[in-house]
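Order-wise, the sequence lines are chains A and B.
Going by the UniProt record's numbering, the residue at position 85 of the first sequence is 85; the numbering climbs one at a time, nothing skipped.
Going by the UniProt record's numbering, the residue at position 54 of the second sequence is 54; the numbering climbs one at a time, nothing skipped.
Note that CB positions come from ideal geometry on N, CA and C, so glycine has one too.
Reviewing the structure listed below.
There are 2 protein chains.
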Amino acid sequence: MSVTAALGFRAAGVTAGIKDSGAPDLALVVNRGPSRAAAGVFTSNRVQAAPVRWSRAALADGRLTAVVLNSGGANACTGPGGADDARLMAEHTARAVDGTSDEVAVCSTGLIGVRLPMNRVTDGIAAAADALSSDGGEDAAVAIRTTDSVHKMAVATGDGWTVGGMAKGAGMLAPGLATMLVVLTTDADAGAAVLDAALRDAVRTTFDRVDSDGCMSTNDTVLLLASGASGVTPAAADLAAAVLAVCEDLARQLIGDAEGASKEIEVAVVGAASEADAVEVGRSVARSNLLKCALHGEDPNWGRVLSAVGTTSAVFDPDRLDVAINGVQVCRDGAEGEPRDRADLSGRRITLTVDLRSGDSSAVIRTNDLTAAYVHENSAYSS
Amino acid sequence: MSVTAALGFRAAGVTAGIKDSGAPDLALVVNRGPSRAAAGVFTSNRVQAAPVRWSRAALADGRLTAVVLNSGGANACTGPGGADDARLMAEHTARAVDGTSDEVAVCSTGLIGVRLPMNRVTDGIAAAADALSSDGGEDAAVAIRTTDSVHKMAVATGDGWTVGGMAKGAGMLAPGLATMLVVLTTDADAGAAVLDAALRDAVRTTFDRVDSDGCMSTNDTVLLLASGASGVTPAAADLAAAVLAVCEDLARQLIGDAEGASKEIEVAVVGAASEADAVEVGRSVARSNLLKCALHGEDPNWGRVLSAVGTTSAVFDPDRLDVAINGVQVCRDGAEGEPRDRADLSGRRITLTVDLRSGDSSAVIRTNDLTAAYVHENSAYSS
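Right, here's the structure in full:
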């Protein structure tokens, strides 16, 4: 499982003391090759954390030897000092793994606007380097948790090769990307361009369509590293499918563990004139606080779906909108359909289907309900 | 106060039995003239309630004799039957006040997707017509409440003339418009074009900049009726200023009574390259669930401000953003400024100032915090 499921990778997760809680907070993932090809996708937030700026530059040549990740502090909005800290993290990692700092990606997560305790971080990097092992993937997944209640890992296998990964994320989950740190590894032999295409394609329909709370992070990063250690060069389509499978699995785990959530909601928009329309409508529905409260209360309040659809620029006729909730068509032609009480929302999973009846395109956006627990978790000081 | 503060208007609020609770739920406002000039602004939601469609058409000639309003049901997403119901409400009102139905505006608020109990509604209209009086404004304001904890009224006086108004709204408050029903009246003598300009201008910087929960209603309506009964024709600018004052007062009352809110938050965006930039940034900040939870917990978490600013297309340099919270400059040049603990958030009112340092434009968006009480109120069945 996780980032050491594929051959050629070693990983570790340690307690560096960045978090006051004493929980593990620093992880390393190292690619022992023979290949060092890599790809990455980063937050589209214009306020980008120092590690995002660093990693983006490090990836410019499509090569990564290692990734250093910490929880307990986002190193975002930390000015020139924060940029120095990200660079130092890369340099210390490079020294510990016999690489060069421009092939080290840096990922940080936690509170925005506070500098990292760099003595602890650099000691932690040294400790993690000593602890690196070929079954350290789970420790690494544990060490990147913030408010995550569980660590998140996934794996997919091809014919003689493997794609594995880990993710963290439980809040500030919204498109472009869906707030998180994700590291994927594969022992397939593939060039940076193939990896990049596979990763972008997978992210577009998975992490980018997760919208937990409408809040876009400053630190989102998804990385894919290939060691080539399997000696197999899969067809690009096969590799892409495996990367997609791992991303889908991790995206589901992210929504399943979203802060305070009691319902996992799939908004399926069908009959759209274009995929862009379907995504716009799905996001609008997924961001309706009122709807998310209603679903928390197991109220099939489809009027709140239509009011969200109405705020979009998608092609539709308000008098021809259909909505089904868990298969019960509660709204037909923009008005009441089956009695809403027939929709059973007592389970954890809820599917909303919005039919725009304007074309053949569709998209699925995943979100969760809005709960008092979310409010509680996010109103505590310095969360 | 309210819609009968101006001469020439009569109003009433009665219990028609639309609400199960037995609370007042039907209101009439009647303009006795001599003038019947009127203007209106409606929701920009593309899914529009039947009464919105009706009232928009009724206002096409710039004249209104009466407004009939009900709480207890939105008559939205109710199909052709709902359109019939809105027309019937206008016809019954016209008969009761010796007018014509095409000069009657209809406003409904409550649950979306359910037909109104029309027998009760028409009986209520007759009862309200019997109860009309020149001091019935407060009763009318009470009868349009849904989840409002208080009724909302305001008045401004000119030299021999008056503008008064009432509003309802506590949830589904978001721009374009800010979810609500508002009826303003004046005894000034002014034509429909002057009223329209004054109303649009006032709405643009008041109701349109209230964003309680990011959810846009299907029923938002703001009406302004002029009786001319004062015999005074004020300068257009004076009338506009009075209309603005009443709208500002009511907008503040709306945010002050937002569902579950414990904090009233003013997001002041300054130094913007354009007013549109300032509004975009203000809305983005006002819609951050994470920030609104933090402010609920009295946590001056300015990182959540910057992450919201970063999602906009406004002109700014991430390394030159300044944020002050209640006057304490917690973020300078995109990084930590004064210690965040110095910002005292214990009071009900919080001012966030975001300086984009990119120009001279500004805008203020008003919102509130996100609380467990909001979740509770909106997760109950059929709220």
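By the 10 Å Cβ neighbour count, where 16 or more other Cβ atoms means buried, how is residue i classified, buried or exposed?
| i | result |
| --- | --- |
| A:LEU177 | Below a pLDDT of 50, predicted positions are generally treated as unreliable, and A:LEU177, at 39, falls in that range; the measurement from the model is reported next regardless. When all chains shown are included, A:LEU177 counts as buried. |
| A:ARG283 | buried |
| A:THR157 | exposed |
| residue 391 of chain B | As displayed, chain B neither begins before 1 nor continues past 383, which places residue 391 of chain B out of reach and without an answer. |
| A:GLY137 | buried |
| B:SER379 | buried |
| A:PRO234 | buried |
| A:LEU173 | Because the pLDDT at A:LEU173 is just 47, under 50, the model does not fix this residue reliably, and the value given afterwards should be weighed accordingly. A:LEU173 comes out buried. |
| A:GLY8 | buried |
| A:ASP61 | exposed |
| B:PRO175 | In this prediction, B:PRO175 scores a pLDDT of 40, lower than 50, which makes its location untrustworthy; the coordinate-derived value is nonetheless stated afterwards. Buried, because 16 or more other Cβ atoms sit within 10 Å of the Cβ of B:PRO175. |
| B:TYR381 | For B:TYR381, the pLDDT reaches just 48, beneath the cut-off of 50, and the residue's location in the model is therefore unreliable, although a value from the coordinates is still provided. With fewer than 16 other Cβ atoms within 10 Å, it is exposed. |
| residue 384 of chain A | With chain A running from 1 to 383 in the structure shown, residue 384 of chain A is simply not present. |
| B:SER21 | exposed |
| B:ASP344 | exposed |
| A:SER346 | exposed |
| B:ASP299 | buried |
| A:PRO318 | buried |
Cutting at 6 Å between CB atoms, please list the residues of its own chain near residue i, excluding the five before and the five after it.
| i | result |
| --- | --- |
| B:CYS107 | PRO51, LEU69, LEU181 and THR221 |
| B:THR353 | ALA268 and ALA324 |
| A:GLY113 | CYS77 |
| A:ALA6 | THR162, GLY164, THR185, THR186 and ASP187 |
| B:THR311 | SER284 |
| B:GLY334 | PRO318, ASP319 and LEU321 |
Which value, in whole angstroms, describes the spacing of the CA atoms of residue i and residue j?
| i | j | result |
| --- | --- | --- |
| A:HIS296 | B:ARG32 | 48 Å |
| B:ILE253 | B:VAL269 | In the sequence under discussion, the amino acid at residue 253 of chain B is Gln, which differs from the Ile named in the question. Their backbone Cα atoms lie some 21 Å apart in a straight line. |
| B:ARG145 | A:VAL183 | 52 Å |
| B:VAL3 | A:LEU250 | 57 Å |
| B:SER313 | A:SER44 | 11 Å |
| B:ALA276 | A:ASP148 | 37 Å |
| A:THR186 | A:SER35 | 10 Å |
| B:ALA143 | B:SER71 | 7 Å |
| B:GLU377 | B:GLY169 | 14 Å |
| A:ARG340 | B:VAL163 | 43 Å |
| A:ALA197 | B:GLN48 | 42 Å |
| A:VAL67 | A:ASP208 | 22 Å |
| B:GLY327 | B:VAL210 | 22 Å |
| A:ASN232 | A:TRP54 | Checking the displayed sequence, the identity of residue 232 of chain A turns out to be Val instead of Asn. Roughly 31 Å separates the two Cα atoms. |
| B:THR65 | B:ARG56 | 14 Å |
| residue 389 of chain A | A:GLY160 | Residue 389 of chain A falls outside the range modelled here, since chain A spans only 1 to 383, and no answer is possible. |
| B:ALA105 | B:LEU356 | 42 Å |
| B:VAL150 | B:LEU111 | 19 Å |
| A:THR205 | A:SER361 | 14 Å |
| A:ARG342 | B:ALA154 | 44 Å |
| B:GLY337 | B:GLN329 | 6 Å |
| A:ASP201 | A:GLU248 | 12 Å |
| A:VAL375 | B:CYS293 | 6 Å |
| B:ALA141 | B:ALA127 | 16 Å |
| A:VAL364 | B:ARG46 | 22 Å |
| A:ARG87 | A:THR100 | 12 Å |
Beta-carbon of residue i versus every beta-carbon of chain C: anything under 8 Å?
| i | result |
| --- | --- |
| A:GLU338 | In the structure shown, chain C does not exist; the protein chains are A and B. |
Within its chain, find whatever has a CB closer than 7 Å to the CB of residue i; leave out the 5 residues flanking it on each side and keep chain order.
| i | result |
| --- | --- |
| A:LEU132 | ARG10, ALA11, ALA12, LEU28 and VAL30 |
| B:LYS263 | LEU295, HIS296, ARG348, ILE350, ASN368 and ASP369 |
| B:LEU195 | ALA37, ALA38, ALA39, LEU224 and ALA226 |
| B:LEU199 | ALA39, VAL41, VAL222, LEU224 and VAL243 |
| B:ASP98 | none |
| B:SER358 | GLY271, ALA272, ALA273, VAL315 and PHE316 |
| B:ALA96 | ILE125, ALA126 and ALA129 |
Quick one: what's got a C-beta closer than 8 Å to residue i's C-beta in the same chain, skipping five residues either side?
| i | result |
| --- | --- |
| A:ASP85 | ALA50, ASN75, THR78, ARG115, LEU116, MET118 and VAL121 |
| A:ASP139 | ALA11, ALA12, GLY13, VAL14, PRO24, ALA27 and ALA131 |
| A:LEU291 | VAL285, ASN301, ARG304, VAL305 and ALA308 |
| B:ALA372 | GLY260 |
| B:ARG366 | ARG209, VAL210, ASP211, ALA251, ARG252, ILE255, GLU264, ILE265, GLU266, VAL267 and ALA286 |
Does at least one heavy atom of the ligand SAH sit under 7 Å from the Cβ of residue i?
| i | result |
| --- | --- |
| B:LYS19 | The model on display carries no ligand, and the ligand SAH is accordingly not part of it. |
Can you check the segment 199-251 of chain B for any beta strand (DSSP E) of at least 3 residues that lies completely inside it and give the ranges in chain order? Runs of the beta strand (DSSP E) inside the segment 199-251 of chain B: 221-226.
Which whole runs of the alpha helix (DSSP H) in the segment 322-383 of chain B are 4 residues long or more, in chain order? Segments of the alpha helix (DSSP H) lying fully in the segment 322-383 of chain B: 372-379.
Fully enclosed by the segment 72-110 of chain B, which alpha helix (DSSP H) runs are 4 residues long or longer? At a cut-off of 4 residues, the continuous stretches assigned as alpha helix (DSSP H) that sit fully inside the segment 72-110 of chain B are 79-96.
Counting pairs of Cβ atoms below 8 Å between the segment 227-247 of chain B and the segment 182-190 of chain B, do you hit three or more? Inter-segment contact for the segment 227-247 of chain B and the segment 182-190 of chain B is present: three or more beta-carbon pairs are separated by less than 8 Å.
Continuous alpha helix (DSSP H) assignments of at least 4 residues falling wholly in the segment 241-322 of chain B: Counting only runs of 4 or more residues that sit fully inside the segment 241-322 of chain B, the alpha helix (DSSP H) segments are 275-286, 289-296 and 303-309, in chain order.
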